[in-house]
Each structure stands twice: as structure tokens, then as C-alpha cells.
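Here the structure is laid out as C-alpha cells; the discussion comes afterwards.
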Amino acid sequence: MKNIIQFTISKEDGIYTAEGINVPIVTDGKTFEELTRNIEEAVALYFEDETPESLGFGESPSILTNFELQPLHGVKT
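Counting in the numbering used here, the sequence shown runs from 22 upward without gaps.
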């Protein structure tokens, strides 16, 4: 069973977008705080009619977010 719900966060055109890595959830927000609330709401809705266990998660999964930074200009990788 998985114990962590993972999201990657990016920012484009002033909007933060969170995409689930191990769940089919996508949400966005104008601020990071709004995005955080929207992630929590989207996860609650995802589990609304199911138990976490029935979807392959432990009883109380945590939410982990990774923020994708834009590449630095002029830096060779």
C-alpha cells in the first residue's frame, strides 16, 4: 500500500498547477496558498466515495508536493 499522494507543481503564466503523480488529479490556483487548498479539496473529492485502502493507499496517506523550477538561463547542464 502507498502512504503518500504525490504531486508535481509548476508555474506558468502566473498560475500554479499541481498534477498528481500517482493519482489522476490535476488542479490549479492563482497563489500557492490557493493551490494548497485546492489540492486538499481535490484529494478529499477523489476519496469521497472510496476508502483509501480500496484505491491502494494506507488509511491516512500524506500529501507530498514537488515544485518544478524553471531552468536557469545561461547555466549549462
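Beta carbons: idealized from backbone N, C-alpha and C, even for Gly.
Per DSSP, what kind of secondary structure is residue i in: helix, strand or coil?
{"i": "residue 47", "result": "strand"}
{"i": "residue 42", "result": "coil"}
{"i": "residue 28", "result": "strand"}
{"i": "residue 61", "result": "helix"}
{"i": "residue 71", "result": "coil"}
Just reading off the beta strand (DSSP E) that residue i is part of, what are its end residues?
{"i": "residue 85", "result": "78–88"}
Among the residues of its own chain, which have a CB less than 7 angstroms from the CB of residue i, if the five just before and after it don't count?
{"i": "residue 88", "result": "30"}
{"i": "residue 67", "result": "44 and 46"}
{"i": "residue 42", "result": "27, 28 and 29"}
Within a Cβ cutoff of 8 angstroms, which residues of the same chain sit near residue i, ignoring the five residues on either side of it in sequence?
{"i": "residue 82", "result": "23, 24, 25, 26 and 73"}
{"i": "residue 35", "result": "51"}
Excluding the 5 residues preceding and the 5 following residue i in the sequence, name in chain order all residues of the same chain whose CB lies nearer than 6 angstroms to its CB.
{"i": "residue 40", "result": "29 and 47"}
{"i": "residue 86", "result": "28 and 30"}
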